[in-house]
Amino acid sequence: MMQTQTRRQVVNAFIFLGPASAFLLVLLVAPIIVDLVVAFTDMSQTVRIDEYTTDQFRKIIRPNEEALLGFELRGSFYRALAKTAIFVFFTLAIFNVTFGLLLALTTTALPDWLGGTFRAIWLLPRMSPSVVYALLWIWVIDPTERGLVNQVLTNVFGSEPVNLFLQHPMAVIVVANGFIGASIGMLILTSAIRSIPQHLFFAARADGAGPLSIARHIIMPALRWPLSYITVFQSLALMVSFEYIFLIMGPARSTMTMAMLAYTKTLAPQIGSGQYAYGAAITLILIVIGVVVALLLYRLTNMKRLLAKPRIEVH
Amino acid sequence: MAQIELRSVSKHWGPTVAVDGMNLALENGEFVAILGPSGCGKSTTLFLLAGIYAPTSGDICFDGARINDVEPRDRNVGIVFQSYALYPNMTVLKNLLFPLRFTSVKSEEALRQAKAIAELVQIEELLERHPSQLSGGQQQRVALARALIKKPNLLLLDEPLSNLDATLRLTMRGEIKRIQRELRVTTILVTHDQVEATTMADRIICMNAGRVEQIGTPENLYRKPDRTFVATFVGSPPINLIDGHVRNGSFAVGQKRIPLSGSCRDADVTLGLRPELISVAETGLPSEITNIEPMGREILYTAQSEIGLFRFLEATPQPRMALEDRVRLHANPEDALFFEQETGSRIEGLSLAAFS
Chain L
1 MMQTQTRRQV VNAFIFLGPA SAFLLVLLVA PIIVDLVVAF TDMSQTVRID EYTTDQFRKI
61 IRPNEEALLG FELRGSFYRA LAKTAIFVFF TLAIFNVTFG LLLALTTTAL PDWLGGTFRA
121 IWLLPRMSPS VVYALLWIWV IDPTERGLVN QVLTNVFGSE PVNLFLQHPM AVIVVANGFI
181 GASIGMLILT SAIRSIPQHL FFAARADGAG PLSIARHIIM PALRWPLSYI TVFQSLALMV
241 SFEYIFLIMG PARSTMTMAM LAYTKTLAPQ IGSGQYAYGA AITLILIVIG VVVALLLYRL
301 TNMKRLLAKP RIEVH
Chain U
1001 MAQIELRSVS KHWGPTVAVD GMNLALENGE FVAILGPSGC GKSTTLFLLA GIYAPTSGDI
1061 CFDGARINDV EPRDRNVGIV FQSYALYPNM TVLKNLLFPL RFTSVKSEEA LRQAKAIAEL
1121 VQIEELLERH PSQLSGGQQQ RVALARALIK KPNLLLLDEP LSNLDATLRL TMRGEIKRIQ
1181 RELRVTTILV THDQVEATTM ADRIICMNAG RVEQIGTPEN LYRKPDRTFV ATFVGSPPIN
1241 LIDGHVRNGS FAVGQKRIPL SGSCRDADVT LGLRPELISV AETGLPSEIT NIEPMGREIL
1301 YTAQSEIGLF RFLEATPQPR MALEDRVRLH ANPEDALFFE QETGSRIEGL SLAAFS
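Protein chains in written order, with the working numbering: chain L, 1 to 315; chain U, 1001 to 1356.
Shown next, in the form of structure tokens:
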């Protein structure tokens, strides 16, 4: 009797935890281990390991005498580091947090049907296939007169067409990623605003608060935790995101972030790829940076309290 | 402090009518309770007065001036919500100072006023705490203080006691009344609890389905309810209601005829008689005890008579009667109330000539 029960518990544990555990192992843990191993080898196009070495990390610190453009490897790594920082910071600061917050504040202040419509529009980029979204951006910033930006510039303002690919490449990827990223913040913050008890708004209005005071004293304090969550989560996501950068800019050096660098050096077709060990080393560094940033933000935003217990006021 | 008036105020939510042509006049410094079941429009009325909702039609006047389009912040109204609605991120002191932030009161003066109002509601020691660190009763006091700090024209209390336990409710009932008397602020209390309404208010407005059923003193509503609804809603245990007909000057139920005092044309009527006004005596209506419910200080009996079921109270700790005992129910015939079944209105001047 007892035995059947115990066996049943074991079976249940497998049924419930099995799929998630398998997913974690195959798609997250295994790749990290593979990456960890490959980063300390000399694996390249031949996909063969001849020796275990720390050469890949040395390339980042010192010019590599063996490689044709050995000094370039070091330079591109530090540029990628700087570009990742710029990309993550501005996308997060301007769009994912600030713009997401603005969208949430304004769409909840509007009548329900109007606010809902606007939110649905902002969700469109996220719902459309990334290739379609990227193609639209390529058309928007097309450097000839056909591009949307240039059509507006030449027809409305009468100015010369601009080539945003060349002149403001970082701005392009920040804006393109931001328009998608803002919708997540908008959704999370909207639901957070919705969960504020209606009576608090009534009380604030009766106490004499106008719309701006209500936003500042009633809404913003309630958004502290969701904002922390968005900041932590989105900074990690942006750090490793490269699909839109690759689709819009291609392997351009002007927008070569860490994730792009790792991708182009390893798996990207026909553009100097196949340096698996070097790419793995860069990825490993990215993982370490991610962990450090996550821990820092965790500390900074007091995420422990957010995860510890629900911050919902029960009446 | 202000004199408040509602002139045929209605509030519609789409096809739903929340408040239907409400007329009301409040004297300066008066304490009025709006009493009614859930969804009768009493809270909506409160929010109309506060300016949180705008009326669909009709006028709201403070001191004779129409204020329909005046923003809540310009009405100087204090509200205490059922949930207290304290700002969770602010300390008690900051909660109290919040309404003054939007006035021209200087910060030192604001602090002095906050301390004074905290003293009035006895929360001086709690000023540095956050709402989550307070008990229900303490939160209630903070909410009251916050509503009063601006010296409002009108104090609105939305079911303020319903989240408190029984003992605390008794204390706060007295407290709110004391503070109201001290400040002489015009106050409207919304409640579904008749005891709260009758103990605290000078006048009661009984509401049902968006309409005012009766306005009067607690005693008036209890003794002379204008309508069947008021008769059933006010008084506990509820009034005995027995459906019958007026036939040739008698109250008829089945074969039984009881002579009436006062004249009335033949109609379908309902007899109302309060349980407290019935007793057991030597003579009276023959009945049989069918249920006995001890309520502590009193015992509630149910007895089946020829004309229907009567509940009545006896103030004895131990039951004097047993189930199936045959008794005679006695009541003063002039205490009997009659309501028209069709309209639900009380028939003035009609009562029984005898109760037997």
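Quick reminder that beta carbons are idealized off the backbone N, C-alpha and C, glycines included.
Contact criterion: CB-CB distance below 8 Å. Does residue i meet it with respect to chain U?
{"i": "arginine 216/L", "result": "no"}
{"i": "leucine 330/L", "result": "This structure does not reach residue 330/L, given that chain L is present from 1 up to 315, and the question cannot be answered."}
{"i": "proline 197/L", "result": "yes"}
{"i": "alanine 109/L", "result": "no"}
{"i": "glycine 208/L", "result": "yes"}
{"i": "leucine 114/L", "result": "no"}
{"i": "leucine 81/L", "result": "no"}
{"i": "arginine 194/L", "result": "no"}
{"i": "leucine 212/L", "result": "no"}
{"i": "phenylalanine 202/L", "result": "yes"}
{"i": "arginine 7/L", "result": "no"}
{"i": "arginine 126/L", "result": "no"}
{"i": "histidine 315/L", "result": "Annotation note: pLDDT 42 at histidine 315/L (below 50); position unreliable, coordinate value reported separately. With 8 Å as the cut-off, histidine 315/L counts as an interface residue toward chain U."}
Starting from residue i, follow its DSSP beta bridges and name the residues at the other end.
{"i": "lysine 1011/U", "result": "Val1019/U"}
{"i": "histidine 1330/U", "result": "Ser1279/U"}
{"i": "glutamine 1304/U", "result": "Glu1288/U, Leu1309/U"}
{"i": "glutamate 1293/U", "result": "Leu1300/U"}
{"i": "histidine 1245/U", "result": "Ala1252/U, Asp1268/U"}
{"i": "tyrosine 1222/U", "result": "For tyrosine 1222/U, which the question treats as bridged, DSSP gives no partner whatsoever."}
Which of the three DSSP states is assigned to residue i in this structure?
{"i": "glycine 1272/U", "result": "strand"}
{"i": "phenylalanine 1355/U", "result": "coil"}
{"i": "asparagine 1240/U", "result": "strand"}
{"i": "alanine 1166/U", "result": "helix"}
{"i": "proline 1055/U", "result": "coil"}
{"i": "valine 1105/U", "result": "coil"}
{"i": "isoleucine 1149/U", "result": "coil"}
{"i": "phenylalanine 1031/U", "result": "strand"}
{"i": "glycine 1216/U", "result": "strand"}
{"i": "leucine 136/L", "result": "helix"}
{"i": "proline 1259/U", "result": "strand"}
{"i": "valine 38/L", "result": "helix"}
{"i": "alanine 1085/U", "result": "coil"}
{"i": "alanine 1267/U", "result": "strand"}
{"i": "isoleucine 141/L", "result": "coil"}
Could you check whether the Cβ of residue i sits closer than 8 Å to any Cβ belonging to chain L?
{"i": "threonine 1302/U", "result": "no"}
{"i": "arginine 1073/U", "result": "yes"}
{"i": "tyrosine 1222/U", "result": "no"}
{"i": "serine 1083/U", "result": "yes"}
{"i": "asparagine 1089/U", "result": "yes"}
{"i": "isoleucine 1052/U", "result": "yes"}
{"i": "threonine 1191/U", "result": "no"}
{"i": "threonine 1187/U", "result": "no"}
{"i": "threonine 1045/U", "result": "no"}
{"i": "proline 1099/U", "result": "yes"}
{"i": "phenylalanine 1062/U", "result": "no"}
{"i": "threonine 1016/U", "result": "no"}
{"i": "phenylalanine 1102/U", "result": "yes"}
{"i": "valine 1105/U", "result": "no"}
{"i": "valine 1077/U", "result": "yes"}
{"i": "histidine 1012/U", "result": "no"}
Could you spell out where the alpha helix (DSSP H) holding residue i opens and where it closes?
{"i": "valine 288/L", "result": "276-300"}
{"i": "alanine 237/L", "result": "224-240"}
{"i": "lysine 265/L", "result": "258-266"}
{"i": "serine 213/L", "result": "211-214"}
{"i": "asparagine 150/L", "result": "148-155"}
{"i": "alanine 182/L", "result": "169-194"}
Does the ligand NAD have a heavy atom nearer than 7 Å to the CB of residue i?
{"i": "arginine 7/L", "result": "With respect to the ligand NAD, the structure shown offers nothing to examine, as it has no ligands at all."}
Could you spell out where the beta strand (DSSP E) holding residue i opens and where it closes?
{"i": "arginine 1203/U", "result": "1203-1208"}
{"i": "glycine 1078/U", "result": "1077-1080"}
{"i": "arginine 1311/U", "result": "1309-1314"}
{"i": "serine 1043/U", "result": "Not the beta strand (DSSP E): serine 1043/U falls in the alpha helix (DSSP H), residues 1042-1050."}
{"i": "threonine 1186/U", "result": "1186-1191"}
{"i": "serine 1250/U", "result": "1250-1253"}
{"i": "leucine 1157/U", "result": "1154-1158"}
{"i": "phenylalanine 1229/U", "result": "Where phenylalanine 1229/U is concerned, there is no enclosing beta strand (DSSP E), although the alpha helix (DSSP H) it sits in stretches over 1228-1233."}
{"i": "phenylalanine 1338/U", "result": "1337-1340"}
- Query: What alpha helix (DSSP H) runs, 4 residues minimum, are completely inside the region 58-133 of chain L?
  - Reply: 70-90, 100-109, 112-127
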